[in-house]
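Student: Can you read through this structure? Questions will come right after.
There are 2 protein chains.
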Amino acid sequence: MTEGQSSHRDFAGKRVLITGGLGFIGSHLAGRLVDWGADVTVVDSLIPEYGGNLFNVSKFADRIRINISDVRDEHGLRYLIGGQDFLFNLAGQTGHMDSMKDPETDLEINGRAQLAILETCRKFNPEIKIVFASTRQIYGRPQYVPVDEKHLVRPVDVNGINKAAGEAYHILYNDVYGIRACALRLTNTYGPHMRICDARQTFLGIWIRQVIRGEPFEVWEGSQLRDFTYVDDAVEAFLACASDENANGRTFNLGGLEVISLHDLASLLIKVNGGGVAETRSFPPERKRIDIGDYYADFTAIRTAIGWEPRVPLEVGLARTLEFYRQNLDKYV
Amino acid sequence: MTEGQSSHRDFAGKRVLITGGLGFIGSHLAGRLVDWGADVTVVDSLIPEYGGNLFNVSKFADRIRINISDVRDEHGLRYLIGGQDFLFNLAGQTGHMDSMKDPETDLEINGRAQLAILETCRKFNPEIKIVFASTRQIYGRPQYVPVDEKHLVRPVDVNGINKAAGEAYHILYNDVYGIRACALRLTNTYGPHMRICDARQTFLGIWIRQVIRGEPFEVWEGSQLRDFTYVDDAVEAFLACASDENANGRTFNLGGLEVISLHDLASLLIKVNGGGVAETRSFPPERKRIDIGDYYADFTAIRTAIGWEPRVPLEVGLARTLEFYRQNLDKYV
């Protein structure tokens, strides 16, 4: 096995549970794992504002178990978690504005439900291995870039606070109870299956919808620097962490091959698409107060520990994404 | 007004709400404020395992409003918070072992209820000024000492994770909504009114109970370094932060005049008491895994921002504390 590359040997015949498994990244994980011979159950609430979409798994739906339920449903968790070898824990509320409008729901999903999942593992399946999807949002406004894992956590929204707590529970249960768990702090992840009807996952989803429709898209400010992870690279990070004991108890940034301003990203998208119009706008007031300026990640820690690094260049990833949505736009809007 | 010293002018005639106001620090705050002419309401659940004790306010109970309710009761909060000028927000679950045995209750009190308090302030009293009681526990095992506020947060128990979230909500509501709030990360606080029937607030409570009874007390390991804040100094920090706009949005460590090993603290306590026996034990297994080694705070930030610093030497504070419990032991065991 190449360092940092997981293989089917790690997962063939293994029982795998994916929360948020009908969502963007979760559905790609499910597809990869089922191709490798894993016994896959996906749990998803299909709440319309979140990322779940049955079309995401349509090509292999007959080969996985689909359980429509919410991670806030503690009663079902015991059965679902029992006997699993791996838990990819991706279910979450990801909308930043939503977390400000309804902070309690965000806490229920990103905080309390995570604690309940870990308590269930502790009581009924302490041998399970967990990879948790965290977010760069917990850092808030970077004090320096690239941001490494030593950077202070000072979230600028309720979502970031609750995701930080959810992440910390996982690391705590690893350290105190020996339930192997690690957390990945995702940056902007993009690719097929991402939400494009709104900006709840990434603003890039809306941009892609608009250029495919031949309509202008909005760039807010434009000079901010960002990094982007193509979904296949993110999936590889989840799989590599699941199969590598060096990941246990660790929190890792993911990152991208390139650092790019939003202006340059808009130009690249228009170029790859073969056309499009970007309109620059100043921030709406309600976004300005939770804007974070420049962000890009230092992903040295995960590269050193388990050998992961991003492989898909932005131009390639954007081309694949555009191709997917040209074929399937009606399933996502 | 002397820098870092609050005065009656800041609070005379002001309406003040203290959650956890029948507890250790909250009751001292109430006493000071009522002497200064403030209109004081204390909220306390009097849950037996927590710090509330009606005896703590017995000398001035007729001059304050005592409201027995729990901060998880969102319905009562609206009325209680309405019209207040200051909120000293000290209600919390503080037991570290309790947070591991019942993590959900810890989250309800230290997480969800805090969010509800802040939402209530946002909707019904955005002019209020809040000082929140946080804890050094959120740092986990120090990576260096003295620990300053730039130190990473990596709690070693569920309590630390939830207190970190509670603290972060306060800072967020300051930053995003302009609800003036700050947080104090308390180290071991000691003095009259502290819990001495168990170690839920500080192990020092048990030590004091034992030496007063003429019974041996247990020192676990003994070489760990700690700092201690006498309760009058802690109260002064809360008051100074409430009356100083420089505190808004800030998180400050409190600390002590001295750094001392537990062995030396035991010797000092025995000396001040005029007798006593300390027995050294190794850590019980369930404590060992959440032990943090040495901790003492760098409190430069609060000294620089608002001029607070500890003033009461350990020997003086211990003498006052012993004197109080010699008179009132029966009210606390």
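As they're listed, the protein sequences go chains G and V.
Here our numbering is used: the first residue of the first sequence is 0, the next is one more, and so on.
Here our numbering is used: the first residue of the second sequence is 0, the next is one more, and so on.
For each residue, glycine too, the CB sits at the ideal point set by N, CA and C.
On a predicted model such as this, the values are computed, not experimentally measured, just so you know.
1. Taking 8 Å as the limit between beta carbons, can you name the residues of its chain near A333/V, skipping five residues before and five after?
2. Closest to M96/V by C-alpha separation, out of E48/V, V315/V, I80/V, would be which residue?
3. Helix, strand or coil: which one does DSSP assign to V313/G?
4. Just tell me which of E107/V, V33/V, F131/V, P154/V has its CA closest to the CA of C240/V.
5. Leaving out the 5 sequence neighbours to the left and right, which residues in its chain are closer than 8 Å to N245/G when beta-carbon positions are compared?
6. To the nearest angstrom, how far is it from the Cα of T320/V to the Cα of Q326/V?
7. Within its chain, find whatever has a CB closer than 8 Å to the CB of T188/G; leave out the 5 residues flanking it on each side and keep chain order.
8. Taking only the alpha-carbon atoms, compute the straight-line gap between G275/V and I207/V and give it to the nearest angstrom.
9. If we ignore side chains and look at the alpha-carbon of each, how far apart do Y176/G and P145/V end up?
10. If we ignore side chains and look at the alpha-carbon of each, how far apart do Q209/V and W35/V end up?
11. Considering only residues of the same chain and omitting the five flanking positions on each side of F323/G, which have a CB-CB separation below 7 Å?
12. How about I24/G: is its C-beta nearer than 7 Å to some C-beta of chain V?
13. Using a beta-carbon distance cut-off of less than 8 Å, what residues from the region 108-121 of chain G approach chain V?
14. With H, G and I counted as helix, E and B as strand and the rest as coil, what does DSSP make of D226/V?
15. Is it buried or exposed for I17/V, if we count other Cβ within 10 angstroms and need 16 for buried?
16. Verify whether the separation of the beta carbon atoms of D204/G and I195/G is less than 7 Å.
17. Three or more C-beta pairs under 8 Å: does that hold for the region 94-112 of chain V against the region 57-64 of chain V?
18. Using the beta-carbon of each residue, which ones in chain V are nearer than 8 Å to I160/G?
19. Write down every uninterrupted run of the alpha helix (DSSP H) in the region 183-226 of chain V whose length is 4 residues or greater and which is fully enclosed by it, in chain order.
20. Where does F282/V land, buried or exposed, given buried means 16+ other C-beta within 10 angstroms?
21. Helix or strand or just coil, what does DSSP make of E73/V?
22. Would you please verify whether the beta carbon of P102/G is less than 7 Å from any beta carbon of chain V?
23. Ends of the alpha helix (DSSP H) at N173/G?
24. Closer than 8 Å by beta-carbon distance: list the chain V residues that pair up with K149/G, in chain order.
25. Verify the CB distance criterion: does L106/V have a CB-CB separation below 7 Å to chain G?
26. From this set, P312/G, W307/G, G292/G, T119/G, which residue's C-alpha is nearest Y143/G's C-alpha?
27. Just to confirm my understanding: we take E217/G, look at its own chain, exclude 5 residues before and 5 after, and list those with CB closer than 6 Å. What are they?
28. Can we count A11/G as close to the ligand GTP, meaning its CB is less than 6 Å from some heavy atom?
29. Starting from the Cα of A182/V, find the closest Cα among D197/V, A236/V, V152/V, L151/V and give me that residue.
30. Using DSSP with H/G/I as helix, E/B as strand and the rest coil, what is K330/G?
31. Who are the neighbours of V157/G on chain V, taking C-beta pairs under 8 Å?
32. Which ranges does the beta strand (DSSP E) cover as unbroken runs of at least 3 residues, wholly within the region 96-163 of chain G, from first to last along the chain?
33. Report the neighbours of P154/V on chain G: residues whose CB is nearer than 8 Å to its CB, in chain order.
34. Suppose you measure from the CA of Q223/G to the CA of R111/V; what does that come to, to the nearest Å?
35. Can you tell me which of P215/V, R77/V, R184/V puts its alpha carbon nearest to the alpha carbon of L266/V?
Tutor: Well, looking at it:
1. Since the first residue shown for chain V is 0 and the last is 332, residue 333/V is missing from the structure and cannot be characterised.
2. On the second sequence, position 97 is the one that residue 96/V refers to. It is E48/V.
3. As a first step, residue 313/G is located in the first sequence; it is residue number 314 there, counting from the start. According to the sequence shown, residue 313/G is Leu rather than Val. Helix, per DSSP.
4. Taking the second sequence and counting its residues from 1, the one referred to as residue 240/V is at position 241. Minimum Cα distance to C240/V is reached at F131/V.
5. For this step, residue 245/G is matched to residue 246 along the first sequence. If we look at N245/G and ignore the five residues flanking it on each side, its Cβ neighbours are A304, I305.
6. Within the second sequence, numbered from 1, the residue matching residue 320/V stands at position 321. Within the second sequence, numbered from 1, the residue matching residue 326/V stands at position 327. Their Cα atoms are separated by approximately 10 Å.
7. Position 189 of the first sequence, counting from 1, holds the residue named residue 188/G. Closer than 8 Å at the Cβ level, and outside the excluded window around T188/G, lie F23, I24, Q200, T201, F227, T228, Y229, V230, A233, L253.
8. Mapped onto the second sequence, residue 275/V falls at position 276. Mapped onto the second sequence, residue 207/V falls at position 208. G275/V and I207/V: Cα-Cα distance of roughly 10 Å.
9. Translated into the one-based positions of the first sequence, residue 176/G becomes position 177. Translated into the one-based positions of the second sequence, residue 145/V becomes position 146. C-alpha separation (whole angstroms): 29 Å.
10. Mapped onto the second sequence, residue 209/V falls at position 210. Mapped onto the second sequence, residue 35/V falls at position 36. One C-alpha to the other measures close to 35 Å.
11. Within the first sequence, residue 323/G is the residue found at index 324, counting from 1. Closer than 7 Å at Cβ, skipping near neighbours: P191.
12. On the first sequence, residue 24/G is found 25 positions in, with the first residue counted as 1. Chain V, which has no Cβ nearer than 7 Å to the Cβ of I24/G, makes this no.
13. G110, R111, L114, A115, E118
14. To locate residue 226/V, count along the second sequence from 1; it is residue 227. In this structure, D226/V counts as strand in the three-state DSSP scheme.
15. For this step, residue 17/V is matched to residue 18 along the second sequence. By the 10 Å Cβ count, I17/V comes out buried.
16. Numbered from its first residue, the first sequence carries residue 204/G at position 205. Numbered from its first residue, the first sequence carries residue 195/G at position 196. The question names Asp, but residue 204/G in the sequence shown is Gly. Closer than 7 Å, so yes.
17. no
18. As a working mapping, residue 160/G is identified with position 161 in the first sequence. Under the 8 Å cutoff, chain V gives A164, A167, Y168, L171.
19. 202-212
20. Locating residue 282/V in the second sequence gives position 283, where the first residue counts as 1. With fewer than 16 Cβ atoms within 10 Å of its Cβ, F282/V is classed as exposed.
21. Position 74 of the second sequence, counting from 1, holds the residue named residue 73/V. The answer is helix: DSSP assigns E73/V an H, G or I state.
22. Numbered from its first residue, the first sequence carries residue 102/G at position 103. So yes, P102/G belongs to the interface.
23. Position 174 of the first sequence, counted from the first residue, corresponds to residue 173/G. First-last of the alpha helix (DSSP H) with N173/G: 157-176.
24. Here residue 149/G refers to the residue found at position 150 when the first sequence is read from its first residue. Per Cβ cutoff of 8 Å: L151.
25. In the second sequence, residue 106/V corresponds to position 107, counting from 1. Closer than 7 Å to some Cβ of chain G, the Cβ of L106/V qualifies, so yes.
26. By one-based count along the first sequence, residue 143/G stands at place 144. Comparing Cα-Cα distances from Y143/G to each of P312/G, W307/G, G292/G, T119/G, the minimum goes to G292/G.
27. On the first sequence, position 218 is the one that residue 217/G refers to. Same-chain partners within the cutoff: E278, R280.
28. Among the ligands in the structure shown, none appear at all, so the ligand GTP cannot be discussed.
29. Within the second sequence, residue 182/V is the residue found at index 183, counting from 1. Answer by Cα proximity: A236/V.
30. As a working note, residue 330/G is residue 331 in the first sequence. It is helical.
31. Counting from 1 along the first sequence, the entry for residue 157/G is found at position 158. Within chain V, the residues near V157/G are L114, Y168, L171.
32. 128-134
33. Here the question's residue 154/V lines up with position 155 in the second sequence. Those are A167, L171, listed as they occur along chain G.
34. Taking the first sequence and counting its residues from 1, one reaches residue 223/G at position 224. Taking the second sequence and counting its residues from 1, one reaches residue 111/V at position 112. When rounded, the distance between both Cα atoms is 34 Å.
35. Taking the first residue of the second sequence as position 1, residue 266/V is located at position 267. A small correction: the amino acid at residue 266/V is Ser; Leu does not occupy that position in the sequence shown. Ranking the options by Cα distance to S266/V, first place goes to P215/V.
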